[in-house]
Amino acid sequence: MPHPLLDPRRLAALNALGVQQAWVPRDALDETELAALMPHVGPVAPAAGRRQPAAVARADAPAARAEPVARPAAGVPATSAQAADAAAAAAPRAEQPTVAAQRVEQVRALAWEPLQAFTEACRACKLGGMRHQAVFGVGHAQARVMVVGEAPGAEEDRVGEPFVGAAGKLLDNMLRACGLQRHGDDPRSTVYVANVIKCRPPGNRNPEPDEIAQCLPILRRQIELVRPRLLLALGRFAAQSLTGSSEPIGRLRQRAWDWQGIPVVVSYHPAYLLRTPQDKAKAWADLCRAQDLLDAL
Ligand code: URA
Numbered sequence: 350m351p352h353p354l355l356d357p358r359r360l361a362a363l364n365a366l367g368v369q370q371a372w373v374p375r376d377a378l379d380e381t382e383l384a385a386l387m388p389h390v391g392p393v394a395p396a397a398g399r400r401q402p403a404a405v406a407r408a409d410a411p412a413a414r415a416e417p418v419a420r421p422a423a424g425v426p427a428t429s430a431q432a433a434d435a436a437a438a439a440a441p442r443a444e445q446p447t448v449a450a451q452r453v454e455q456v457r458a459l460a461w462e463p464l465q466a467f468t469e470a471c472r473a474c475k476l477g478g479m480r481h482q483a484v485f486g487v488g489h490a491q492a493r494v495m496v497v498g499e500a501p502g503a504e505e506d507r508v509g510e511p512f513v514g515a516a517g518k519l520l521d522n523m524l525r526a527c528g529l530q531r532h533g534d535d536p537r538s539t540v541y542v543a544n545v546i547k548c549r550p551p552g553n554r555n556p557e558p559d560e561i562a563q564c565l566p567i568l569r570r571q572i573e574l575v576r577p578r579l580l581l582a583l584g585r586f587a588a589q590s591l592t593g594s595s596e597p598i599g600r601l602r603q604r605a606w607d608w609q610g611i612p613v614v615v616s617y618h619p620a621y622l623l624r625t626p627q628d629k630a631k632a633w634a635d636l637c638r639a640q641d642l643l644d645a646l
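One point on numbering: in our numbering, the residue at position 29 of the sequence shown is 378, and numbering is uninterrupted.
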């Protein structure tokens, strides 16, 4: 039985995220594991006394890379997350507009196909007149895991499916590492993917509060229809929409949330991870948490 940190699934997730190293107590490994994981290190003397952390390298990690990626202590965001949090905190926060109760009631009563038709015909905000098409969602209608992103980009607007660009490729790799995919017949392994916003904001700008407010009833109805066992909220807009909190993502991801009884795991958006690869280790930790929750179901 390998040490839990060396679980092949975890290592596969680490690998898919492109994360090179993680901390693990040196004396948690036997010699064979050490030799397999750190071929460039050579024999390691058994740890004496106090447990020392040792860097465990991915099997294919280049030997030249010596600095391990340290995971921050809980509650202590790493520097880049602090910077992102500071930027988010500094951004002016508009009052959340209220959406007509009539619209909320109308959407709440819709089944899948009418909900999709409603979304495709929607012109409730200015984005409706600018998009090529609304991007409703993709995946299994009874998925065990539902992934929530932010908004379609140019590729998604063209293809009509969420996460088909570069960020989508990373998302697919992350899902694959957890034994999950977006296309398939098995609701255990096929996720459902949707965005908070169904129409592309021009120039890939952030969604505006009125746009989020108009779209949220649709996302809520999608969640009600899928009834997933776990929600994975990627990025600030998904996380804030599902938790109702305006805290920055770096803090939201460190807490356990639920949306009407469904556990919500918050993590970084794949597009952010492409720009900030040093935070991939934290996203990996979030994925592991999601897997642990699923395993416990
Ligand atoms: N980013 C998102 O949040 N959603 C998409 O569909 C594409 C990029």
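Ideal placement from N, C-alpha and C gives every residue a C-beta, glycine not left out.
- Message: Can you give me the C-alpha to C-alpha distance between F467 and R570, rounded to a whole angstrom?
- Response: Counting from 1 along the sequence shown, the entry for residue 467 is found at position 118. Counting from 1 along the sequence shown, the entry for residue 570 is found at position 221. Looking at the two C-alpha atoms, the distance is approximately 12 Å.
- G593: buried (16+ other C-beta within 10 angstroms of its C-beta) or exposed? The residue labelled residue 593 in the question sits at position 244 within the sequence shown. Exposed, by the Cβ-count rule.
- For G498, verify whether its CB is less than 6 Å away from any heavy atom of ligand 1. Here the question's residue 498 lines up with position 149 in the sequence shown. It does: the Cβ of G498 is within 6 Å (strictly closer) of some heavy atom of ligand 1.
- What separation, rounded to the nearest whole angstrom, lies between the Cα atoms of P551 and A483? Residue 551 sits at position 202 when you count from the first residue of the sequence shown. Residue 483 sits at position 134 when you count from the first residue of the sequence shown. Approximately 13 Å, taken between the alpha carbons.
- Per-residue burial, A503 [other beta carbons within 10 Å of its own, 16 or more giving buried]: Along the sequence shown, read from residue 1 onward, the residue named residue 503 stands at position 154. Answer is exposed; the Cβ neighbour count stays below 16.
- Item | Beta bridge counterpart(s) of I567 as assigned by DSSP | Here residue 567 refers to the residue found at position 218 of the sequence shown. For I567, which the question treats as bridged, DSSP gives no partner whatsoever.
- Ends of the alpha helix (DSSP H) at P501? Against the sequence shown, residue 501 aligns to sequence position 152. P501 -> no alpha helix (DSSP H), and no H or E assigned at all.
- Message: I want to check one thing, is the minimum distance from the CB of P551 to the heavy atoms of ligand 1 below 6 Å?
- Response: Taking the first residue of the sequence shown as position 1, residue 551 is located at position 202. No, ligand 1 has no heavy atom inside 6 Å of this Cβ.
- Contact check, L580 vs W608, beta carbons under 7 Å: As a working note, residue 580 is residue 231 in the sequence shown. As a working note, residue 608 is residue 259 in the sequence shown. Against a cut-off of 7 Å, the Cβ pair of W608 and L580 comes out as a contact.
- State yes or no: is the C-beta of N555 nearer than 6 Å to some heavy atom of ligand 1? In the sequence shown, residue 555 corresponds to position 206, counting from 1. Flag unset: Cβ of N555 not near ligand 1.
- Query: Should the stretch 535-549 be regarded as contacting the stretch 447-459, the criterion being three or more beta carbon pairs within less than 8 Å?
  - Reply: no
- Collapsed DSSP secondary structure at A449 in the structure displayed: Counting from 1 along the sequence shown, the entry for residue 449 is found at position 100. In this structure, A449 counts as coil in the three-state DSSP scheme.
- Using 6 Å as the cut-off, classify the Cβ of N522 as near or not near the heavy atoms of ligand 1, replying yes or no. The residue labelled residue 522 in the question sits at position 173 within the sequence shown. No.
- Item | Among T625, A632, I546, nearest to P511 - alpha-carbon criterion | Translated into positions along the sequence shown, residue 511 becomes position 162. The residue with the shortest Cα to Cα distance from P511 is I546.
- Query: Under a three-way DSSP split, which group does Q530 fall into?
  - Reply: Here residue 530 refers to the residue found at position 181 of the sequence shown. Reduced to three states, the DSSP call for Q530 is strand.
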